[in-house]
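Each remark here refers to the structure printed beneath this line.
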Amino acid sequence: MTKLYKKSGDLIFDEPELTLKEAVVKHRSDLQQADLKYADLSGACLDGANLRGADLMYANLRVVNLQGADLGYADLQGADLQGVDLGYADLQGADLREAILRDADLSGADLRGADLEKVDLLGVYLRRADLSGADLRWSYLPNTDLQDANLRGAKLNGANLEGANLSYTNLRKANLKRANLRKVDLRGADLRGADLGIADLQDANLRGAYLRGANLEGADLRGAEYNNNK
60 MTKLYKKSGD
70 LIFDEPELTL
80 KEAVVKHRSD
90 LQQADLKYAD
100 LSGACLDGAN
110 LRGADLMYAN
120 LRVVNLQGAD
130 LGYADLQGAD
140 LQGVDLGYAD
150 LQGADLREAI
160 LRDADLSGAD
170 LRGADLEKVD
180 LLGVYLRRAD
190 LSGADLRWSY
200 LPNTDLQDAN
210 LRGAKLNGAN
220 LEGANLSYTN
230 LRKANLKRAN
240 LRKVDLRGAD
250 LRGADLGIAD
260 LQDANLRGAY
270 LRGANLEGAD
280 LRGAEYNNNK
């Protein structure tokens, strides 16, 4: 017997002949506030699902198709999201602390105000994603593709972005203090008012970047390219 309840205790469905994964796929348009802690949904097709406010703490979501899904304000703490497709998904205000997102596709996703502190984002595709105001402190993002992403006001203190593609990214007023920005591509990036204090920018490409009002006190710029800045 497979039953699923909301966090409030209200019943969402009762599907005695289906597994939990099958039932979740069947009812994917009506899963808001669902209690799916520790659920194994690996490989499921949940594109366009309504999981707004759902509890997915420590859930197994490996290689799940969540393209265009509504996960706004969902709790995804510690969830395994390796290889998941979250392209253009709504993750505004979601809690992703300590989640594993290696090789996930988050292109065009709405991550405004999301909590991504200490998240493993190795190899994640974040091109054109909206991460304005997101918390990425101490996150692991080496070689991540963030081209054209919006990181305005994001917290990236101590984040590891070595080798990442941040070209033409909006980083206005972002906090990058003590961040590892070695060999990062920041061509044409908007860093006006950003805090890069004590950041490691060795061998970074800052050509054409907007640096007016940026704090570079104590930053390591050895080998960096930063001519034609504005």
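In our numbering, the protein residues as written are 60 to 289.
A virtual CB, placed ideally from N, CA and C, is assigned to each residue, including glycine.
As the structure is a prediction and not an experimental result, all values here were calculated from the model.
Compute the distance between the beta-carbons of residue i and residue j, then report whether it is under 7 Å.
| i | j | result |
| --- | --- | --- |
| residue 170 | residue 158 | no |
| residue 254 | residue 226 | no |
| residue 156 | residue 142 | no |
| residue 231 | residue 251 | yes |
| residue 90 | residue 61 | no |
For the beta strand (DSSP E) that contains residue i, what are its first and last residues?
| i | result |
| --- | --- |
| residue 62 | 62-64 |
| residue 70 | 70-73 |
By the three-class DSSP mapping on this structure, what secondary structure does residue i have?
| i | result |
| --- | --- |
| residue 106 | coil |
| residue 174 | strand |
| residue 162 | coil |
| residue 129 | strand |
| residue 189 | strand |
| residue 89 | helix |
Less than 6 Å between the CB of residue i and some heavy atom of the ligand SAH, yes or no?
| i | result |
| --- | --- |
| residue 202 | This structure simply doesn't include the ligand SAH, nor any ligand for that matter. |
Which stretch, first to last residue, makes up the alpha helix (DSSP H) that contains residue i?
| i | result |
| --- | --- |
| residue 79 | 79-85 |
Measure how close the beta-carbons of residue i and residue j come, nearest whole angstrom, since I'm counting them as under 8 Å.
| i | j | result |
| --- | --- | --- |
| residue 196 | residue 216 | 5 Å |
| residue 259 | residue 271 | Not confirmed; about 22 Å, so no contact. |
| residue 204 | residue 235 | No, residue 204 and residue 235 are not in contact; Cβ-Cβ is about 18 Å, not under 8 Å. |
Problem - the segment 79-88 touching the segment 129-145, judged by at least three CB pairs closer than 8 Å - result: Short answer: they don't touch.
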